[in-house]
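2 protein chains.
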Amino acid sequence: MKPSRLGLRPLTQEAFAPFGDVVQKQGHRPEEINYGQTLKYAGLADIDIVESGGEPAVHIYRSEPIDLPFRVEIMECHPLGSQAFIPLHNRPFLVVVAPPAEEPMPGSIRGFITNGKQGVNINRGVWHHYQLSLGEPADYLVIERGGPGENCVERQLKDPLIIENLELEIP
Amino acid sequence: MKPSRLGLRPLTQEAFAPFGDVVQKQGHRPEEINYGQTLKYAGLADIDIVESGGEPAVHIYRSEPIDLPFRVEIMECHPLGSQAFIPLHNRPFLVVVAPPAEEPMPGSIRGFITNGKQGVNINRGVWHHYQLSLGEPADYLVIERGGPGENCVERQLKDPLIIENLELEIP
């Protein structure tokens, strides 16, 4: 059976709200600090990492670009904490997520494309594919939970999906 | 009296060690994850934010560039937590720091210039100038302590310093 197509939509705070935060200046009112030298866009991500003795961990992930069409076959979630991906580049990337559940539910999986500036902070328990870079190798700053406990669950999708191209499909 | 000149040195992990972490891939051995798609450079910043009911806070700071020569007159420190600045741009910026003490001690102030990719995580209690961008307005991801308590102390330098130009001066 041919896998179903996973459509992509533009990443917006509103559309992404069930899954986490879009880390961006847009839509936030800044405060002027440092004698007017700096605009502070405050509190852009709900970093949720203290569960079970957790502490913040900061990594850089360097990811190879994917080829299209791309088969979405595996998703993971972190039951003990949030995970933020901030692009250290200026190119769009793909974010594939599904709401918290025992398994990623068919029909609930969503695909987003960033605008090249946006980062994401994925809520605890939200299913997601590992970061999907486009075009060339890309670096991301990752802010997640470090510490004791089993914090990564991976599932093979019973019905894989396919991202055919970068055409937008907004339902 | 003409202010003394503050020399600049290239930012390296070794030179910056008394003040915090340089957030960069260089010098770290990555681990392969995500079925080989990703290199993970782990644990790049010691995020120290739990003191007195603190929690991690994520902001974007947009800072106007400085003009050179620039007078270093004011420094601040955060007695309750670390503060990380990750550039969301690819240009060098300046980092001016001094070791923890009651006041920034004359003669102990150091000026660094980043390589355009590096971020910094400034240790709790380390005196620092607010971020000094060069050339054009620049965005930084900031990871710091949020929560109760007085976490910013500012001091006027008795003997201001001057950054005359971007020439490197390595003692």
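Chains as they are written, first to last, in our numbering: chain A, 107 to 277; chain B, 107 to 277. Glycine included, every Cβ here is placed at the ideal spot set by N, Cα and C.
Next item on the list: Tell me where the beta strand (DSSP E) around B/GLU137 begins and ends.
Entry: On the second sequence, position 31 is the one that residue 137 of chain B refers to. Where B/GLU137 is concerned, the enclosing beta strand (DSSP E) stretches over 137-139.
Notebook entry, point to check: Where A/THR144 and A/GLU138 are concerned, what is the direct C-alpha to C-alpha distance, given to the nearest angstrom?
Noted result: Translated into the one-based positions of the first sequence, residue 144 of chain A becomes position 38. Translated into the one-based positions of the first sequence, residue 138 of chain A becomes position 32. Cα to Cα, A/THR144 sits roughly 6 Å from A/GLU138.
Check: Should A/TYR141 be labelled buried (16 or more other beta-carbon atoms within 10 Å of its own) or exposed?
Finding: For this step, residue 141 of chain A is matched to residue 35 along the first sequence. Under this definition A/TYR141 is an exposed residue.
Next item on the list: Measure the alpha-carbon distance for B/GLY191 versus A/LYS108 and round it to whole angstroms.
Entry: Indexing the second sequence from 1 puts residue 191 of chain B at position 85. Indexing the first sequence from 1 puts residue 108 of chain A at position 2. Note on residue identity: the sequence assigns Phe, not Gly, to residue 191 of chain B. Spanning the two alpha carbons is a distance of roughly 46 Å.
Notebook entry, point to check: What is the rounded straight-line gap between the Cα of B/TYR167 and the Cα of A/TYR147?
Noted result: Counting from 1 along the second sequence, the entry for residue 167 of chain B is found at position 61. Counting from 1 along the first sequence, the entry for residue 147 of chain A is found at position 41. When rounded, the distance between both Cα atoms is 6 Å.
Notebook entry, point to check: Closest to B/GLY241 by CA distance: which of B/ILE172, B/ILE180 and B/PRO124 is it?
Noted result: Within the second sequence, residue 241 of chain B is the residue found at index 135, counting from 1. If we check each option's Cα against that of B/GLY241, B/ILE172 comes out closest.
Checklist line | Cβ-Cβ distance between A/ILE180 and A/GLU260 below 8 Å | finding: Mapped onto the first sequence, residue 180 of chain A falls at position 74. Mapped onto the first sequence, residue 260 of chain A falls at position 154. Cβ atoms of A/ILE180 and A/GLU260: closer than 8 Å.
Next item on the list: Could you spell out the range, first to last residue, of the alpha helix (DSSP H) harbouring B/ALA121?
Entry: Residue numbering aside, residue 121 of chain B sits at position 15 when the second sequence is read from its first letter. Segment 119-122, the alpha helix (DSSP H) holding B/ALA121.
Next item on the list: Round the Cβ separation of A/ARG230 and A/PRO185 to the nearest angstrom and send it over; I've been treating them as touching at under 8 Å.
Entry: Taking the first sequence and counting its residues from 1, the one referred to as residue 230 of chain A is at position 124. Taking the first sequence and counting its residues from 1, the one referred to as residue 185 of chain A is at position 79. Confirmed, Cβ separation roughly 7 Å.
Next item on the list: Compute the distance between the beta-carbons of A/ALA123 and A/ASN227, then report whether it is under 8 Å.
Entry: By one-based count along the first sequence, residue 123 of chain A stands at place 17. By one-based count along the first sequence, residue 227 of chain A stands at place 121. No; because the gap between Cβ atoms is not below 8 Å, this pair is not in contact.
Next item on the list: Work out the CA separation of B/GLY133 and A/GLN237 for me, nearest whole Å.
Entry: By 1-based counting over the first sequence, the position of residue 237 of chain A is 131. By 1-based counting over the second sequence, the position of residue 133 of chain B is 27. Just so you know, the alpha carbons of A/GLN237 and B/GLY133 end up roughly 24 Å apart.
Note to self: When you compare the CB of B/SER214 with every CB in chain A, is at least one pair closer than 8 Å?
What the structure shows: On the second sequence, residue 214 of chain B is found 108 positions in, with the first residue counted as 1. So, not an interface residue.
Note to self: Per the DSSP calculation, A/ILE249 is bridged to which residue(s)?
What the structure shows: Along the first sequence, one-based indexing puts residue 249 of chain A at 143. BP columns for A/ILE249 point to A/VAL164 and A/ALA190.
Item checked: Residues sharing a beta bridge with A/VAL178, DSSP -> Counting from 1 along the first sequence, the entry for residue 178 of chain A is found at position 72. DSSP lists A/LEU267 as partners of A/VAL178.
Next item on the list: List the whole-angstrom C-beta distance separating A/LEU174 from A/GLU270, where the pair is believed to meet the contact cut-off of C-beta under 8 Å.
Entry: Numbered from 1 along the first sequence, position 68 holds the residue referred to as residue 174 of chain A. Numbered from 1 along the first sequence, position 164 holds the residue referred to as residue 270 of chain A. The Cβ separation is near 7 Å, so the contact holds.
Item checked: When A/LEU263, A/ARG251, A/GLN262 and A/GLU273 are compared against A/GLY159, the one with the closest alpha-carbon -> Taking the first residue of the first sequence as position 1, residue 159 of chain A is located at position 53. Of the listed residues, the one whose Cα sits closest to A/GLY159 is A/ARG251.
Check: Which residues does DSSP pair with B/ASN196 in a beta bridge?
Finding: Taking the second sequence and counting its residues from 1, the one referred to as residue 196 of chain B is at position 90. Beta-bridge pairing links B/ASN196 to no other residue.
Notebook entry, point to check: According to the neighbour-count rule (16 or more other Cβ atoms, all chains shown, within 10 Å of its Cβ), is A/GLY85 buried or exposed?
Noted result: The structure shown does not extend to residue 85 of chain A, since chain A spans only 107 to 277, so no value can be given for it.
Next item on the list: Give the C-beta separation of B/VAL178 and B/LEU267 to the nearest angstrom, bearing in mind that I take them to be a contact with Cβ-Cβ under 8 Å.
Entry: In the second sequence, counting from the first residue as 1, residue 178 of chain B sits at position 72. In the second sequence, counting from the first residue as 1, residue 267 of chain B sits at position 161. With 8 Å as the limit, B/VAL178 and B/LEU267 qualify as a contact, their Cβ atoms being about 4 Å apart.
Notebook entry, point to check: Roughly how far, in whole angstroms, is the beta-carbon of B/GLU130 from the beta-carbon of B/LYS223, given that I think they are within contact range, below 8 Å?
Noted result: In the second sequence, counting from the first residue as 1, residue 130 of chain B sits at position 24. In the second sequence, counting from the first residue as 1, residue 223 of chain B sits at position 117. For the sequence presented, residue 130 of chain B should be read as Gln rather than Glu. About 6 Å separates the Cβ atoms of B/GLN130 and B/LYS223, confirming a contact at the 8 Å cut-off.
Item checked: Any chain A beta carbon closer than 8 Å to B/SER169 -> In the second sequence, the residue the question calls residue 169 of chain B occupies position 63. Chain A contact via Cβ: present.
Notebook entry, point to check: Looking only at C-alpha atoms, which of B/THR220, B/GLY213 and B/LEU247 sits nearest to B/ARG100?
Noted result: In the structure as shown, chain B begins at 107 and stops at 277. Residue 100 of chain B is therefore absent and cannot be evaluated.
Next item on the list: Find the residues of chain B that neighbour A/THR220, judging by a C-beta separation of less than 7 Å, and give them in chain order.
Entry: The sequence position of residue 220 of chain A within the first sequence is 114, counting from 1. Correct list: empty, because the minimum Cβ distance to chain B is about 13 Å.
Notebook entry, point to check: Interface residues of chain A around B/GLN143 at Cβ under 8 Å?
Noted result: Numbered from its first residue, the second sequence carries residue 143 of chain B at position 37. Taking a Cβ-Cβ threshold of 8 Å, the residues of chain A close to B/GLN143 are SER169, GLU170, ILE172 and TYR236, in chain order.
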